[in-house]
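Student: The listed protein sequences correspond, in order, to chains A and B. For the first sequence, the working numbering gives the first residue as 882, with consecutive numbering after it. For the second sequence, the working numbering gives the first residue as 48, with consecutive numbering after it. Ideal Cβ placement from N, Cα and C applies to all residues, glycine included. I'd like to ask some things about the structure below.
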Amino acid sequence: GDSVTQTEGPVTLSEGTSLTVNCSYETKQYPTLFWYVQYPGEGPQLLFKVPKANEKGSNRGFEATYNKEATSFHLQKASVQESDSAVYYCALSDSNAGAKLTFGGGTRLTVRP
Amino acid sequence: GGIITQTPKFLIGQEGQKLTLKCQQNFNHDTMYWYRQDSGKGLRLIYYSITENDLQKGDLSEGYDASREKKSSFSLTVTSAQKNEMAVFLCASSIDWGGYEQYFGPGTRLTVL
């Protein structure tokens with residue numbers, strides 16, 4: 882079956898430093914890839930999605946490139962803010978599973994002022 | 048816009064008890080989901096309902112029942128609560144089975160004594 886593996890947390894950074902959260906996936910189909918973000922006390926919300934290989938998604942200064950050859954979708958941000966403290970989930974939806982999502986284990990990010 | 052409401056926010060039960068969690072959405076979405084969230088394990092799909100009269104098992108359905116009472120509501124029953132089921136249960140919806148973005152509620156935190 883499908884699987885997603887991402888950086889194990891927690892990750893602690895200082896404001897203004899750069900972030901990379903690694904995400905690798907396995908699937909036999911043609912997936913759409915997602916990053917979701919979950920703030921304390923809330924449900925996850927979509928950060929962005931990328932349906933096609935070799936394309937980049939971005940939102941709020943975060944970005945990730947769908948690398949089909951490496952089966953990766955790493956999340957990056959050049960300069961994190963305290964408000965970015967949250968749990969980040971990488972996920973995929975394969976072409977045969979409709980809207981069903983397979984999530985990674987989540988990465989908790991804490992940004993210190 | 049719309050919102051997903053989950054009740055109760057916190058649920059405390061006894062081991063062996065039958066417990067029901069409720070979810071309402073006003074997006075007018077066709078498809079609804081129940082996930083279990085455990086720390087470090089991400090989100091795992093318990094049940095989903097593609098349309099109003101449909102019910103499908105997810106990867107973690109054993110020990111749970113679900114019911115799609117009407118288009119806007121989807122409930123989950125823990126048939127016999129176990130101590131290792133202390134987790135957050137998240138409800139989500141998407142416009143339809145081909146609509147990839149899922150919108151999540153804030154969750155119900157279950158504690159089993």
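By the DSSP assignment, the beta strand (DSSP E) with alanine 113 of chain B in it spans what residues?
Tutor: 111-117 is the extent of the beta strand (DSSP E) around alanine 113 of chain B.
Student: For a contact defined as C-beta to C-beta under 9 Å, what are the partners of glutamine 926 of chain A on chain D?
Tutor: No chain D appears in this structure, whose protein chains are A and B.
Student: Check for me: the beta strand (DSSP E) holding glutamine 1048 of chain A runs from which residue to which?
Tutor: Given that chain A is displayed from residue 882 to residue 994, the structure contains no residue 1048 of chain A and the question cannot be resolved.
Student: From this set, A/Leu956, A/Asn948, A/Ala951 and A/Phe929, which residue's C-alpha is nearest leucine 990 of chain A's C-alpha?
Tutor: Cα-wise, what sits closest to leucine 990 of chain A is A/Leu956.
Student: Taking the continuous beta strand (DSSP E) assigned at glutamine 149 of chain B, which residues delimit it?
Tutor: Glutamine 149 of chain B -> no beta strand (DSSP E), and no H or E assigned at all.
Student: By the 10 Å Cβ neighbour count, where 16 or more other Cβ atoms means buried, how is glutamine 149 of chain B classified, buried or exposed?
Tutor: Buried: at least 16 other Cβ atoms inside 10 Å.
Student: Could you pull out every unbroken beta strand (DSSP E) segment of at least 3 residues lying fully inside the region 74-109 of chain B, listed in chain order?
Tutor: Runs found: 78-85 and 89-96.
Student: So, at 6 Å on beta carbons, what are the nonlocal neighbours of glutamate 936 of chain A in its own chain, with the 5 sequence-adjacent residues on each side left out?
Tutor: Tyr947, listed in sequence order.
Student: How long is the line joining the alpha carbons of glycine 924 of chain A and tyrosine 906 of chain A, rounded to whole angstroms?
Tutor: If I take the Cα positions, the gap works out to 23 Å.
Student: Near threonine 126 of chain B, which residues of its chain fall below 8 Å by C-beta distance, leaving aside the five closest residues on each side in sequence?
Tutor: The answer, listed in chain order, is Lys65, Gly110, Tyr111 and Asp112.
Student: Serine 141 of chain B and isoleucine 51 of chain B look like a contact to me (Cβ under 8 Å); what is the Cβ gap, rounded to whole Å?
Tutor: About 11 Å separates the two Cβ atoms, so there is no contact after all.
Student: Comparing alpha-carbon positions, which option in A/Asn977, A/Asp883 and A/Thr888 lies nearest tyrosine 970 of chain A?
Tutor: Ranking A/Asn977, A/Asp883 and A/Thr888 by Cα distance to tyrosine 970 of chain A puts A/Thr888 first.
Student: Between which two residues does the beta strand (DSSP E) holding arginine 989 of chain A run?
Tutor: Counting along the chain, the beta strand (DSSP E) containing arginine 989 of chain A begins and ends at 988-993.
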